[in-house]
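K.L.:
Just so you know, the protein sequences line up as chains P and R, in that order. Take 1 as the starting number for the first sequence in full-length UniProt numbering and just add one per residue. Take 1 as the starting number for the second sequence in full-length UniProt numbering and just add one per residue. First the structure, which I've put down as structure tokens, then a few questions once you've had a look.
2 protein chains.
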Amino acid sequence: MAIYQATTSAPVNIACIKYWGKRDTKLILPTNSSLSVTLDQDHLRSTTTSRADSSFKKDTLWLNGQEEVIKDGGRMATCIAELKRLRKELVEDKDSDAPKLSTFPVHISSFNNFPTAAGLASSASGFAALVSSIATLYALPCDASALSLIARQGSGSACRSLFGGYVAWEQGTSATGEDSYAIQIAPQSHWPDIHALICVVSDDKKGTSSTSGMQRTVETSPLLQHRIKHVVPQRMADISKAILERDFDTFAKITMADSNQFHAVALDTEPPIFYMNDVSKAIIALVVEYNRVAVLKTGKVKAAYTYDAGPNAVIYTPKENVKEIVQLIVKYFPQKEAFKDVFGIFGVQGVQGAVVDGFNEAVAKPFDVGAVKGLIHTKVGDGPRVLGDEEALLGPDGIPKTLA
Amino acid sequence: MAIYQATTSAPVNIACIKYWGKRDTKLILPTNSSLSVTLDQDHLRSTTTSRADSSFKKDTLWLNGQEEVIKDGGRMATCIAELKRLRKELVEDKDSDAPKLSTFPVHISSFNNFPTAAGLASSASGFAALVSSIATLYALPCDASALSLIARQGSGSACRSLFGGYVAWEQGTSATGEDSYAIQIAPQSHWPDIHALICVVSDDKKGTSSTSGMQRTVETSPLLQHRIKHVVPQRMADISKAILERDFDTFAKITMADSNQFHAVALDTEPPIFYMNDVSKAIIALVVEYNRVAVLKTGKVKAAYTYDAGPNAVIYTPKENVKEIVQLIVKYFPQKEAFKDVFGIFGVQGVQGAVVDGFNEAVAKPFDVGAVKGLIHTKVGDGPRVLGDEEALLGPDGIPKTLA
């Protein structure tokens, strides 16, 4: 008997123009377009195996080895239902020989290779991996933009993880959402030089979830509407042009300004929402000073910070600056564990904290070990990958191998 | 020989609608109107003695006993020159018997009764005391709004300290600034019940000065213009109405929203400006939770936080709630020194930390002693006071008594 199974992995993405606010909370239609860099799956990824089998009792999902309830009418159920619908309409209705996989329950096992404690949102890579895995299983004749329509309904920012490189999520105007999907502005090969240093910041308070937080902003922030109408459209155009021209200076300035503005409208919310803490702010101060020195020397900035709905910093920079930036961060934020030097920048002697010539060391005070819990060095990467069966997460019996 | 001398004191004010941004940096004309509560001089004040004497060599200023340079063309020199001009035009030119004080050098001694380390801006009370002192010395036939035009050129927010109670600074539209002055919305007697708890927050980094910070915001924040044009005018009207109606719920909500929006536009600045730190944010979380419980019980909030260009919180509340709020703050921010119970709320046993019934204690973590360095309890107060010669800060020789 045939086994219908597919395994894919999908990447994390970190936005430069931030998504914050929905115009439709059920369909997950945003109030503004957004743009992100897809990060390399060699370092951070979600991997999902899907299998359709008529003998399965019901659709079942395991996340990191734990069975999760698929809530009726919930986001997960919506994604699975949409994919089954496309299987039927685009495959089975057109080819009577095609197995009726849309009628079979699916078993889905998904794994993130980064710990939840890292504070990295796994919903984007998770839903992208889920959608690409089932779409592969179903042999859907859909491009990534079409699949992004489905991933979007799982988690808005997941739609951008259907592409590698530099990706826009067009907000669209339709009430039904058919024009609210991801497009690739440029593949990673166009500008492969953009690296990212993720500073995992310790946080002892639970922040406001982005789902509830963004809707509070929509309902109460007087500034959000101005951002949506008068700021984001121009920034989307300008940063897309900067990406096409590989103009890091412009890319970085827009990225930093938009991170700040996202946190500004969060603060303009009733009651106010704070995602950055004193450690986050100190990292900003370091990047600002690092850029000040760079501008004095070359007229251009060398790094861009950005913060999502949490205290972690992501610092984008061309590869040539990564060494300086890691040395800078380590000087102010001593690390418990050795830097994982995946690109072989530092050699055997490891990282020593240091600042560049002309850097004003008084812009921040050194923190204790643990304020920045860890550093992850990665770069722009590709879109979802179809993996071989040897990487499948489901065993022959259709349950996760880790549970077998 | 006659001695021409006057001593006045002037109060601190804390804005509910924030002043942030100048349309004219020399004349100190603001980009938006603002509104503040004048605090009681029984607790916080600047006191200034001015003396005019033909035997003095030059205009001389002592601030807290230290001689300060009066810079040519600077703000201090502008205020003194304006007052001399008014003396000549309004008094000496009209009454030939009036002594020609405008031609005499002045000695000015000013004292703040609160330490600089408290992080309270002393420029508002300081310039208000200076202007009211010299205006008294010169017997100027000017009302407080007219004097506020001069104080404004010393320090923008000083213009509001020329009145007690609830005070608006009308932005004005004239290029010369003659319609940019303070007016009283209501005297303290109209709504004497508004108390203020100042939480002096420890801060180990020097923040951006408000003078340079606000101009960076004017130059770089896309959100500021929206705030100026579309948010502040309505809030000025609404909070003025709330004050006239003694509607604390509305007053508090606008005050908190405007504090948040001021910090939001500071964050929307390039590079971003942060005045609040993790302690400030924890105090906000406590007030938000305290209000949540109050709204559940009564439908109305009981406290309003507001933050100026620094991490200190000022919490406005009707007197009946002060006890609960002090207990709340002290529970999370243990104090080194006993609470200075100037209104006799707690009796001999002093303050014990406590939360109200239904309060979710998990909204913040308790901090160490010193995170909030001190608490100052005060209330809405009156405008500048003319003091007797027994309180003069200058001795018979015309130099500060403390130096004699």
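In this text, a Cβ means the ideal position worked out from N, Cα and C, and glycines have one as well.
For arginine 216 (chain P), which residues in chain R fall below 9 Å Cβ to Cβ?
P.N.:
The premise fails here: arginine 216 (chain P) is roughly 12 Å from chain R at the closest Cβ pair, so nothing lies under 9 Å.
K.L.:
Any residues in the segment 268-284 of chain R with a beta carbon nearer than 7 Å to a beta carbon of chain P? Which ones, in chain order?
P.N.:
Correct list: Asp268, Glu270, Pro271, Pro272, Phe274, Asn277, Asp278, Lys281 and Ile284.
K.L.:
Per the contact definition of three or more C-beta pairs closer than 8 Å, is the segment 255-265 of chain P in contact with the segment 262-276 of chain R?
P.N.:
A contact exists between the segment 262-276 of chain R and the segment 255-265 of chain P.
K.L.:
Tell me the rounded alpha-carbon separation between cysteine 199 (chain P) and lysine 340 (chain P).
P.N.:
Each residue's alpha carbon lies about 12 Å from the other.
K.L.:
Please list, in chain order, the residues of the segment 149-164 of chain R that have any C-beta partner in chain P closer than 9 Å.
P.N.:
Cβ contacts with chain P come from no residue of the segment 149-164 of chain R.
K.L.:
I'd like the ranges of any alpha helix (DSSP H) spanning at least 4 consecutive residues and lying wholly in the segment 123-188 of chain R.
P.N.:
Taking only runs of at least 4 residues, the alpha helix (DSSP H) segments lying wholly in the segment 123-188 of chain R are 123-137 and 144-154.
K.L.:
State the Cα-Cα distance for the pair proline 219 (chain R) and serine 96 (chain R), rounded to the nearest angstrom.
P.N.:
Note that residue 219 (chain R) corresponds to glutamate in the displayed sequence, not to proline. Cα-Cα distance, rounded: 50 Å.
K.L.:
Using a Cβ cut-off of 7 Å, pull out every chain R residue sitting near asparagine 360 (chain P), in sequence order please.
P.N.:
Simply none; closest approach about 12 Å.
K.L.:
So, does the segment 300-316 of chain R touch the segment 341-350 of chain R, judging by three or more C-beta pairs under 8 Å?
P.N.:
These segments do not touch.
K.L.:
Just to confirm the assignment, what range does the alpha helix (DSSP H) spanning isoleucine 194 (chain R) have?
P.N.:
Segment 194-201 is the beta strand (DSSP E) holding isoleucine 194 (chain R); no alpha helix (DSSP H) there.
K.L.:
Answer with yes or no whether the minimum CB distance from valine 288 (chain R) to chain P is below 9 Å.
P.N.:
By this cut-off, valine 288 (chain R) is an interface position.
K.L.:
Strictly below 8 Å CB to CB, what residues from chain P border histidine 377 (chain R)?
P.N.:
Those within 8 Å of histidine 377 (chain R) in chain P number zero; the least Cβ separation is about 24 Å.
K.L.:
Classify arginine 227 (chain P): buried if its beta carbon has 16 or more other beta carbons within 10 angstroms, exposed otherwise.
P.N.:
Burial call: buried.
K.L.:
Identify each residue in the segment 288-311 of chain R for which the Cβ-Cβ distance to at least one residue of chain P is less than 7 Å, and report them in chain order.
P.N.:
Going along the segment 288-311 of chain R in chain order, one finds Val288 with a Cβ nearer than 7 Å to chain P.
K.L.:
Using a Cβ cut-off of 7 Å, pull out every chain R residue sitting near valine 231 (chain P), in sequence order please.
P.N.:
Here the neighbours are Pro222.
K.L.:
Check each residue of the segment 240-263 of chain R: if its Cβ is closer than 7 Å to any Cβ of chain P, include it; give the result in chain order.
P.N.:
Against chain P - using a Cβ distance shorter than 7 Å - the residues of the segment 240-263 of chain R are Ala257, Asn260, Gln261 and His263.
K.L.:
Can you look up arginine 385 (chain R) in the DSSP assignment and give me helix, strand or coil?
P.N.:
Strand, per DSSP.
K.L.:
When Cβ atoms are compared, which residues of the segment 369-396 of chain R fall closer than 9 Å to chain P?
P.N.:
For the segment 369-396 of chain R, which is checked against every Cβ of chain P, not one residue is closer than 9 Å.
K.L.:
Give every residue of the same chain whose Cβ lies closer than 7 Å to the Cβ of glutamine 327 (chain P), excluding the five residues on either side of it in the sequence, and list them in chain order.
P.N.:
Closer than 7 Å at the Cβ level, and outside the excluded window around glutamine 327 (chain P), lie Val351, Gln352, Gly353 and Ala354.
K.L.:
Using a Cβ-Cβ cut-off of 9 Å, state whether arginine 227 (chain P) counts as contacting chain R.
P.N.:
At least one chain R Cβ lies under 9 Å of arginine 227 (chain P).
K.L.:
Report back the beta-carbon spacing between proline 105 (chain P) and lysine 57 (chain P) to the nearest angstrom; my notes put them in contact at under 8 Å.
P.N.:
The Cβ separation is near 6 Å, so the contact holds.
K.L.:
For valine 265 (chain R), which residues in chain P fall below 9 Å Cβ to Cβ?
P.N.:
Here the neighbours are Leu223, Ala264 and Asp268.
K.L.:
When you compare only the Cα positions, how much space is there between alanine 371 (chain R) and tyrosine 275 (chain R)?
P.N.:
Each residue's Cα considered, the two are about 15 Å apart.
K.L.:
Return the first residue and the last residue of the beta strand (DSSP E) that serine 46 (chain P) is part of.
P.N.:
Its beta strand (DSSP E) spans residues 45-52.
K.L.:
Quick check: the Cα distance between glycine 65 (chain R) and phenylalanine 163 (chain R), rounded to an integer number of angstroms?
P.N.:
Computed Cα separation, rounded: 26 Å.
K.L.:
Where does proline 141 (chain R) land, buried or exposed, given buried means 16+ other C-beta within 10 angstroms?
P.N.:
Exposed is the call here.
K.L.:
Note the first and the last residue of the continuous alpha helix (DSSP H) segment covering tyrosine 290 (chain R).
P.N.:
Where tyrosine 290 (chain R) is concerned, the enclosing alpha helix (DSSP H) stretches over 278-298.
K.L.:
Taking only three categories from DSSP, how would you classify glutamate 245 (chain R)?
P.N.:
Note: glutamate 245 (chain R) maps to coil in three-state DSSP.
K.L.:
Could you tell me the alpha carbon to alpha carbon distance between glutamine 234 (chain R) and threonine 60 (chain R), rounded to whole angstroms?
P.N.:
In a straight line, the C-alpha of glutamine 234 (chain R) is about 43 Å away from that of threonine 60 (chain R).
K.L.:
Please identify the residue among P:Met214, P:Gln335 and P:Gln188 whose C-alpha is closest to the C-alpha of glycine 381 (chain P).
P.N.:
Nearest C-alpha to glycine 381 (chain P): P:Gln188.
K.L.:
Measuring CB to CB, does valine 37 (chain R) end up less than 9 Å from cysteine 79 (chain R)?
P.N.:
In this structure, cysteine 79 (chain R) does not lie closer than 9 Å to valine 37 (chain R) by Cβ.
K.L.:
Pair every Cβ in the segment 78-92 of chain P with every Cβ in the segment 37-49 of chain P, then say whether three or more of these pairs are closer than 8 Å.
P.N.:
Segments in contact, no.
K.L.:
Just the Cα atoms here: how many angstroms apart are valine 293 (chain R) and lysine 379 (chain R)?
P.N.:
Their backbone Cα atoms lie some 24 Å apart in a straight line.
K.L.:
Between the segment 315-325 of chain R and the segment 359-371 of chain R, do at least 3 Cβ pairs fall closer than 8 Å?
P.N.:
They do not touch, by the three-pair rule.
K.L.:
Who are the Cβ neighbours of residue 414 (chain R) in its own chain at under 6 Å, not counting the five residues just before and after it?
P.N.:
As shown, chain R starts at 1 and ends at 404. That puts residue 414 (chain R) outside it, with no answer to give.
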